[in-house]
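Per full-length UniProt numbering, the very first residue in the sequence shown carries number 1; after that it's consecutive.
Glycine included, every Cβ here is placed at the ideal spot set by N, Cα and C.
Values in this document were obtained by computation on a predicted structure and should not be read as measured data.
Below: one structure, written as structure tokens.
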Amino acid sequence: MDNHILKWVTELHAISQNGMTYSKNEFDIERYHQVENIAKEMAAYFSDKDINIVENFFSLEKGYATPKLDVRAFILKEKKLLLVKERSDHLWTLPGGWVDVNESPSESVTREVLEETGFNIRITRLLALWDKLKHDHPPQWPHTYKIFFLGEIISGCEKANLEISEIDFFPIDELPNLSTHRVTRSQINRLHELSLNSGITVFD
Numbered sequence: 001m002d003n004h005i006l007k008w009v010t011e012l013h014a015i016s017q018n019g020m021t022y023s024k025n026e027f028d029i030e031r032y033h034q035v036e037n038i039a040k041e042m043a044a045y046f047s048d049k050d051i052n053i054v055e056n057f058f059s060l061e062k063g064y065a066t067p068k069l070d071v072r073a074f075i076l077k078e079k080k081l082l083l084v085k086e087r088s089d090h091l092w093t094l095p096g097g098w099v100d101v102n103e104s105p106s107e108s109v110t111r112e113v114l115e116e117t118g119f120n121i122r123i124t125r126l127l128a129l130w131d132k133l134k135h136d137h138p139p140q141w142p143h144t145y146k147i148f149f150l151g152e153i154i155s156g157c158e159k160a161n162l163e164i165s166e167i168d169f170f171p172i173d174e175l176p177n178l179s180t181h182r183v184t185r186s187q188i189n190r191l192h193e194l195s196l197n198s199g200i201t202v203f204d
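Laid out in structure tokens, this is it:
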């Protein structure tokens, strides 16, 4: 699914979800259901996913449609970057994940790093808030804002889990194959620049 089709599917889904949330007219609600079904069929057709998988994914979204929040930690130790290897695609990324309900972004990324690596960290600065659609990620639903924090290890030891198979530190110029749905090489290079310039935060 290319970015244009992903954008159309996302907008159709948002229109239908918002309409079904706020409309009081049964005929309008029926039309919004039709719009949602078109979005599901488009997503399944252009992504080669089974329609049941798409329907299950769509059903997770309730209320007014908004982007999801993904948080990641940029952590250097002796000038090497902390990365984790995902079991799902066998590729490397910055530790992190979705923001949970009743957690702030910094609390979420602190928890994610502990769960994925075994390290307790302290968040020191917000580096970037980026719209995934505006960067060189492969197309992927849902629409996501990615929040990158600078952090430092304060305690703990390496400990893989059910989602992570390996944990390691890499020189910035010797990165392994990255899970580009989660983070890209150009983003890591930019985050490294930002980490060396105190007080600078970028967005979009």
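Closest by C-alpha distance to Leu191, when choosing among His181, Leu133 and Val202: Among His181, Leu133 and Val202, the Cα nearest to that of Leu191 belongs to Val202.
DSSP-derived helix/strand/coil call for Asp70: If DSSP states are grouped into helix, strand and coil, Asp70 belongs with the strands.
Option in Gly63, Thr10, Ser59 and Asn37 with minimal Cα separation from Tyr22: Its Cα nearest to that of Tyr22, the residue Gly63 stands out among Gly63, Thr10, Ser59 and Asn37.
Meets three-Cβ-pair contact criterion under 8 Å: the segment 91-100 and the segment 112-122: As far as the Cβ criterion goes, the segment 91-100 touches the segment 112-122, which means the pair count is three or higher.
Proximity of Phe169 and Leu91 at Cβ, strictly below 9 Å: In this structure, Phe169 keeps its C-beta atom at 9 Å or more from the C-beta atom of Leu91.
The beta strand (DSSP E) enclosing Pro171, as first and last residue numbers: Where Pro171 is concerned, the enclosing beta strand (DSSP E) stretches over Ile164 to Pro171.
Nearest-angstrom beta carbon gap, Ala44 and Leu12 [assumed within contact, 8 Å]: Here Leu12 is actually not in contact with Ala44; their C-beta atoms are around 13 Å apart, not less than 8 Å.
Counted within 10 angstroms of its Cβ, other Cβ atoms place residue 220 as buried (16 or more) or exposed: Since the first residue of the chain shown is 1 and the last is 204, residue 220 is not available in this structure.
CB contact flag (Glu36, Ser16, <9 Å): Their beta carbons are under 9 Å apart, which means Glu36 touches Ser16 by this criterion.
Buried versus exposed call for Val101 [16 or more other C-beta atoms within 10 Å across all chains shown]: Exposed, by the Cβ-count rule.
From Phe148, Ile123, Leu126 and Ile121, residue whose alpha carbon lies closest to that of residue 205: Because the chain is modelled from 1 through 204, residue 205 falls outside the range shown and cannot be assessed.
Neighbour-count burial assignment, residue 292, 16 or more Cβ in a 10 Å radius: The requested residue 292 is not part of the displayed model; the chain covers only 1 to 204.
Beta-carbon proximity check, Thr180 vs Pro138, cutoff 9 Å: Taking the C-beta atoms as reference points, Pro138 is found nearer than 9 Å to Thr180.
Straight-line gap, Val9 to Thr66 (C-alpha atoms, nearest Å): Thr66 has its alpha-carbon roughly 14 Å from the corresponding atom of Val9.
Reduced DSSP category for Thr184 - H, G, I as helix; E, B as strand; rest coil: Three-state DSSP puts Thr184 in coil, outside helix and strand.
For Gly199, three-class secondary structure by DSSP: Secondary structure of Gly199 (DSSP, three-state): coil.
Cβ-based neighbour list, Asp2, same chain, cut-off 7 Å, excluding 5 preceding and 5 following: Closer than 7 Å at the Cβ level, and outside the excluded window around Asp2, lie Pro139.
Extent of the continuous beta strand (DSSP E) run through Val84: Run containing Val84: Lys80 to Glu86, per the beta strand (DSSP E) assignment.
Assigned secondary structure, Asn189 (DSSP; H/G/I helix, E/B strand, else coil): Here Asn189 carries a helix assignment [DSSP, helix/strand/coil].
Selected residue, minimal CA-CA separation from Lys7, among Lys134, Leu69, Lys24 and Ile29: The shortest C-alpha separation from Lys7 is found at Lys134.
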